[in-house]
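Residue numbers (UniProt numbering): 1 to 258. Every residue gets a Cβ at the ideal spot worked out from N, C-alpha and C, and that includes glycine. Written below as structure tokens is the structure these notes are about.
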């Protein structure tokens, strides 16, 4: 397990370095935000004590899901969506499903305000952590830029899935690597609190069982929120005075590498 994890981290560091040194991977307004992001990281990363983590689809941006998206595609084009998959297809993030520019009502304003405040606060560091695969980076960054969230573009702000791990494992391992200082290019080992928002209740429950006990054991406070367009951001688990610290871990504890 550790050997596999080490290869993943080594690959991530090389990938980040190559992307930073090759501007051909960047387009449009995202370039400006990418450079600003690096400048902020280089000058103030040691001040960061809170890591704010937000999912993309259905959390920060109300992108169409498979069922609604397929219906919309057929309505707009007159033909069925021609691919069996959804989340790995660039067409799910492009017109006609996501217009260009992306309309403002696709943005979760509540979270957008939180992330803008986080970006301006030198003690906070905000990232987008999505299960969308790396080949869709340009599409995700285009949407973020259209919605005036381009400060979340760049390899040190937008983290996308690579490799064969499931989404929960990928996200959990990456967050552990960041806060434990295992990613030299983005050392967030000074973090004392992690706040995470996600629309999938199964993912939030998994984070609560897998990630919370490992972070709390290292003195890192954790707040998880389930996001819904109808109900907004709801703490998970529901906060009660009777819930003891450390009583939330469950049977999934062996599913991540730390």
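Endpoints, the beta strand (DSSP E) within which residue 130 is located: As a first step, residue 130 is located in the chain shown; it is residue number 130 there, counting from the start. Judged by DSSP secondary structure, residue 130 falls within the beta strand (DSSP E) whose first and last residues are 124-133.
Within this structure, are the beta carbons of residue 56 and residue 169 separated by less than 8 Å? The count along the chain shown starts at 1 and reaches residue 56 at position 56. The count along the chain shown starts at 1 and reaches residue 169 at position 169. Taking 8 Å as the cut-off, the beta carbon of residue 56 is found no closer than this to the beta carbon of residue 169.
Near residue 189, which residues of its chain fall below 6 Å by C-beta distance, leaving aside the five closest residues on each side in sequence? Stepping through the chain shown from its first residue, residue 189 is reached at position 189. Around residue 189: 181.
Which of the three DSSP states is assigned to residue 235 in this structure? Counted from its first residue, the chain shown places residue 235 at position 235. Shown here, residue 235 sits in a strand according to DSSP, grouped into three states.
I'd like to know if the stretch 82-99 and the stretch 137-145 are in contact, where contact means that at least 3 CB-CB pairs between them fall below 8 Å. The stretch 82-99, when compared against the stretch 137-145, does touch it at the 8 Å Cβ threshold.
Extent of the continuous alpha helix (DSSP H) to which residue 194 belongs: The count along the chain shown starts at 1 and reaches residue 194 at position 194. Taken as a continuous stretch (DSSP letters only), residue 194 belongs to no alpha helix (DSSP H), being part of the beta strand (DSSP E) at 193-198.
Around the Cβ of residue 126, are there at least 16 other Cβ atoms within 10 angstroms (buried) or fewer (exposed)? Taking the first residue of the chain shown as position 1, residue 126 is located at position 126. That one is buried.
Can you confirm whether the stretch 217-224 touches the stretch 189-199 when touching is taken to mean that 3 or more C-beta pairs between the two stretches lie within less than 8 Å? Per the Cβ contact rule, the stretch 189-199 is in contact with the stretch 217-224 (3 or more Cβ pairs under 8 Å).
Confirm the yes/no value for this check: CB of residue 216, any heavy atom of the ligand NAD, distance under 7 Å. Questions concerning the ligand NAD fall outside what the structure shown contains, since it holds no ligand whatsoever.
Please state whether the Cβ-Cβ distance between residue 156 and residue 186 is less than 8 Å. Reading the chain shown from its first residue, position 156 is the one you call residue 156. Reading the chain shown from its first residue, position 186 is the one you call residue 186. Closer than 8 Å, so yes.
Could you check if residue 47 is buried or exposed, using at least 16 other CB atoms within 10 Å of its CB as the buried criterion? Stepping through the chain shown from its first residue, residue 47 is reached at position 47. Under this definition residue 47 is an exposed residue.
Could you give the distance in angstroms between the alpha-carbon of residue 171 and the alpha-carbon of residue 206? As a first step, residue 171 is located in the chain shown; it is residue number 171 there, counting from the start. As a first step, residue 206 is located in the chain shown; it is residue number 206 there, counting from the start. If I take the Cα positions, the gap works out to 11 Å.
For the alpha helix (DSSP H) containing residue 120, name the first residue and the last one. Mapped onto the chain shown, residue 120 falls at position 120. Residue range 109-120 is occupied by the alpha helix (DSSP H) that includes residue 120.
Distance, Cα to Cα, residue 79 vs residue 110? Indexing the chain shown from 1 puts residue 79 at position 79. Indexing the chain shown from 1 puts residue 110 at position 110. Distance between the alpha carbons of residue 79 and residue 110 is about 36 Å.
Could you give the distance in angstroms between the alpha-carbon of residue 173 and the alpha-carbon of residue 58? Here residue 173 refers to the residue found at position 173 of the chain shown. Here residue 58 refers to the residue found at position 58 of the chain shown. If you draw a straight line from the Cα of residue 173 to the Cα of residue 58, it is about 22 Å long.
Tell me the rounded alpha-carbon separation between residue 160 and residue 54. Along the chain shown, one-based indexing puts residue 160 at 160. Along the chain shown, one-based indexing puts residue 54 at 54. Taking the straight line from one Cα to the other gives about 12 Å.
Thinking residue 128 and residue 158 are a contact (beta carbons under 8 Å), I'd like their distance in whole angstroms, please. Counting from 1 along the chain shown, the entry for residue 128 is found at position 128. Counting from 1 along the chain shown, the entry for residue 158 is found at position 158. Their Cβ separation, rounded to whole angstroms, is 5 Å, which keeps residue 128 and residue 158 in contact under 8 Å.
For the beta strand (DSSP E) containing residue 72, list its first residue and its last residue. Locating residue 72 in the chain shown gives position 72, counting from the first residue. Counting along the chain, residue 72 falls outside any beta strand (DSSP E), though it belongs to the alpha helix (DSSP H) covering 66-77.
Going by the CB atoms, is the gap between residue 147 and residue 179 shorter than 8 Å? Here residue 179 refers to the residue found at position 179 when the chain shown is read from its first residue. Here residue 147 refers to the residue found at position 147 when the chain shown is read from its first residue. No, Cβ-Cβ distance for residue 179 and residue 147 is not below 8 Å.
Quickly, what does DSSP pair residue 159 with across the bridge? List them, please. One-based indexing of the chain shown puts residue 159 at position 159. Its beta-bridge partners are 129.
Can you tell me whether residue 88 is buried or exposed, with buried defined as 16 or more other CB within 10 angstroms of its CB? Along the chain shown, read from residue 1 onward, the residue named residue 88 stands at position 88. Here residue 88 is exposed. Its C-beta has fewer than 16 other C-beta atoms within 10 Å.
Of all the options 115, 137, 163, which has the alpha carbon lying nearest to the alpha carbon of residue 149? Along the chain shown, one-based indexing puts residue 149 at 149. Per the Cα distances, 115.
Kindly give me the distance between the Cβ atoms of residue 152 and residue 108, rounded to whole angstroms, as I take these residues to be in contact under 8 Å. Position 152 of the chain shown, counted from the first residue, corresponds to residue 152. Position 108 of the chain shown, counted from the first residue, corresponds to residue 108. Incorrect: roughly 13 Å between the Cβ atoms, too far for contact.
Helix or strand or just coil, what does DSSP make of residue 246? In the chain shown, residue 246 corresponds to position 246, counting from 1. For residue 246, the predicted structure reports a pLDDT of 40, less than 50, and the residue's modelled location is therefore unreliable. A value from the coordinates is still provided. The three-state reading of DSSP puts residue 246 in coil, since its state is none of H, G, I, E or B.
Can you tell me where the alpha helix (DSSP H) holding residue 177 begins and where it ends? As a working mapping, residue 177 is identified with position 177 in the chain shown. For residue 177, the enclosing alpha helix (DSSP H) begins and ends at 167-179.
Pairwise C-alpha distance: residue 130 and residue 163: Walking along the chain shown from the start, residue 163 turns up at place 163. Walking along the chain shown from the start, residue 130 turns up at place 130. Rounded to whole angstroms, residue 163 to residue 130 spans 13 Å at the Cα level.
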